[in-house]
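Chains as they are written, first to last, in the numbering used here: chain R, 7 to 292; chain S, 7 to 292.
Glycine included, each C-beta is placed from N, C-alpha and C at the ideal position.
The structure presented is a predicted model; accordingly, all values stated were derived computationally and were not measured.
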């Protein structure tokens, strides 16, 4: 099952068709995409039975109308240094426990947005984002997958100067400017993937002249703390809540790790894609 | 005006009387305490006209039924090192910008709770907590007070071993265990204070035998970044949202800064009071 937020209404999507959930369910499920996580399992049981493309009420998908699949998360949990090569390029040791920060909720955005550059050291971080379905504390690793609604694509945009200023370092501030947590285009449930632990993840920078540069190209097999382990560890401290977002960390290839360092410029576009989910795009402006 | 969350219903309170808002307003305002922040100004205009103690529908206040005044904040912004003497006892330089972390929303609790100690280095931090009324970005310092719903009392409970483990330090994890963000007993609007920038703030530890030890005793006049300045600075990065909590930092006197260090023990009770608001209490269990 693939769901999307289409201008604030929950939809099921398949290929190039979308189906409004409230209409198709005759009001059983609310149109608000944030409300679906309160009883995720009932919704998922209903939604997986629907053949969207063949449904008489389905309509063409308008990609430009897509917003964040989980638009009002109670908690946005960022995980740093969760790919070994990225920890190395950041000059930091491999963590013994997940390195956690937040991206404040007001930075959450949809899959196709414009971003005003708040500084001259804005960097990209392609990330697999877990959307929590069923909440909980002290979740065993073996039970962790049952707490996941699905995966979406995220960018953990980071203003590096702000992130690293002060003691302790200001990760949560450097990563929370407007539209710095774009997500989408859809939430895909785990049954959509042949192997949900092995997904290609990549970032392209597209210049104002259309030149494409692939800067990140990896696989989620490289996660230091894989998704189930991560959920288990996080839930020993934080109660996970329905609709929460977990940004699971980025593979190598960020601008901060390049020699010379290279950051996002006015007129550039970022395209982040994860196998089996889709791509999100941000356009940057000075 | 003083408002409280009484077992999930919004109430106006005065001295030892409480008035259910939905009932008294004949349904104009919703009973959900979290909903009131969506149109704070309309509510405040109505609520300040009510004489709670004289109102025919008011009932005796049951202190044991109080919950968090803003129970579902979209963002919980923690500010560290915001009293000069506390920065010194923490061994850290005085910050040039607010030091920001989050207390994840699942740690938010009411004013009278039991806390399971997750480790043997749990410390106290008495804090004035700002509750946001009207949201916004790039708020001028001169306009900041108009964005405040009111003040409440908070404890920024901190497991110091977890907080300081890893690189960067894990403030948001060390401060987000269950019930680690107790708040209350009421939200008091700024007109309730003779000088809302000069409030006595203190923490008492009460031993199992009833012995009281005053460990923090200061005034909010000592804030490095006073409330209006803090709101202005934070809003340059983060869009403030209605109902958000801002934990404004703690004065000196935490256990980590003592020689020898001293942390909370099984059977101890913490009582944190701020002038003009009231007191919150936590009981600790191993």
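Asked, Found
"Should residue 209(S) be labelled buried (16 or more other beta-carbon atoms within 10 Å of its own) or exposed?", "buried"
"Starting from residue 10(S), follow its DSSP beta bridges and name the residues at the other end.", "17(S)"
"Taking 8 Å as the threshold (beta carbon to beta carbon), is residue 207(S) in contact with chain R?", "no"
"Going straight from the alpha carbon of residue 76(R) to that of residue 27(S), what length do you get?", "31 Å"
"Looking only at C-alpha atoms, which of 184(R), 253(R), 274(R) sits nearest to residue 213(R)?", "274(R)"
"Can you give me the start and stop residues for the alpha helix (DSSP H) that residue 253(S) sits inside?", "Segment 251-253 is the beta strand (DSSP E) holding residue 253(S); no alpha helix (DSSP H) there."
"Quick one: which residues of the segment 157-184 of chain S get their C-beta closer than 8 Å to a C-beta of chain R? List them in chain order.", "168, 171, 172, 173, 174, 175, 176, 177, 178, 179, 182, 183, 184"
"Quick one: residues in its chain with C-beta nearer than 6 Å to the C-beta of residue 292(R), no 5 flanking neighbours on either side, listed in chain order?", "123, 272"
"When you compare the CB of residue 5(S) with every CB in chain R, is at least one pair closer than 8 Å?", "Past the boundaries of the shown model lies residue 5(S); chain S is included only from 7 to 292, so the question cannot be answered."
"List the whole-angstrom C-beta distance separating residue 269(S) from residue 129(S), where the pair is believed to meet the contact cut-off of C-beta under 8 Å.", "6 Å"
"List the whole-angstrom C-beta distance separating residue 277(R) from residue 120(R), where the pair is believed to meet the contact cut-off of C-beta under 8 Å.", "With a Cβ gap of about 14 Å, residue 277(R) and residue 120(R) do not count as contacting."
"Evaluate residue 117(S) with the Cβ neighbour count: other Cβ atoms within 10 Å of its Cβ, from every protein chain shown; 16 or more gives buried, anything less gives exposed.", "buried"
"Roughly how many angstroms separate the alpha carbons of residue 174(S) and residue 256(R), rounded to a whole number?", "16 Å"
"Beta-carbon separation of residue 156(S) and residue 194(S) under 8 Å?", "yes"
"Going by beta carbon distance, what residues of the same chain come within less than 8 Å of residue 29(S), once the five residues before and after it are set aside?", "63"
"I need the straight-line Cα distance from residue 259(S) to residue 222(S), nearest angstrom please.", "5 Å"
"In chain S, what lies closer than 8 Å to residue 247(R) by C-beta?", "111, 112"
"Tell me the DSSP secondary structure of residue 134(R) in three-state form.", "strand"
"Quick check: the segment 260-267 of chain S against the segment 187-204 of chain S, are there 3 or more CB pairs under 8 Å?", "no"
"Find the nearest neighbour of residue 66(R) within the set 106(R), 20(R), 207(R), 171(R), judged by alpha-carbon distance.", "20(R)"
"Grouping DSSP H, G and I as helix and E and B as strand, with all else coil, what is residue 189(R)?", "strand"
"State yes or no: is the C-beta of residue 262(R) within less than 8 Å of the C-beta of residue 140(R)?", "no"
"Determine the burial state of residue 70(S): buried for a count of at least 16 other Cβ atoms within 10 Å of its Cβ, exposed for fewer.", "exposed"
"The beta strand (DSSP E) that contains residue 122(R), what's its start and end?", "118-122"
"Looking at residue 239(S): is its Cβ nearer than 8 Å to the Cβ of residue 103(S)?", "yes"
"List the residues of chain R whose Cβ lies closer than 7 Å to the Cβ of residue 107(S), in chain order.", "178"
"Quickly, what does DSSP pair residue 26(S) with across the bridge? List them, please.", "17(S)"
"Looking at chain S, is there any beta carbon in it that lies within less than 8 Å of the beta carbon of residue 98(R)?", "yes"
"Is DSSP giving residue 230(S) helix, strand or coil here?", "coil"
"Under DSSP, the alpha helix (DSSP H) around residue 53(R) begins and ends at which residues?", "46-53"
"Grab me the residues of residue 110(S)'s own chain with a C-beta within less than 6 Å of its C-beta, minus the 5 sequence neighbours each way, in chain order.", "182"
"What residues of chain R sit near residue 226(S), judged by a beta carbon separation below 9 Å?", "Within 9 Å Cβ-Cβ: nothing; residue 226(S) doesn't reach chain R, min ~22 Å."
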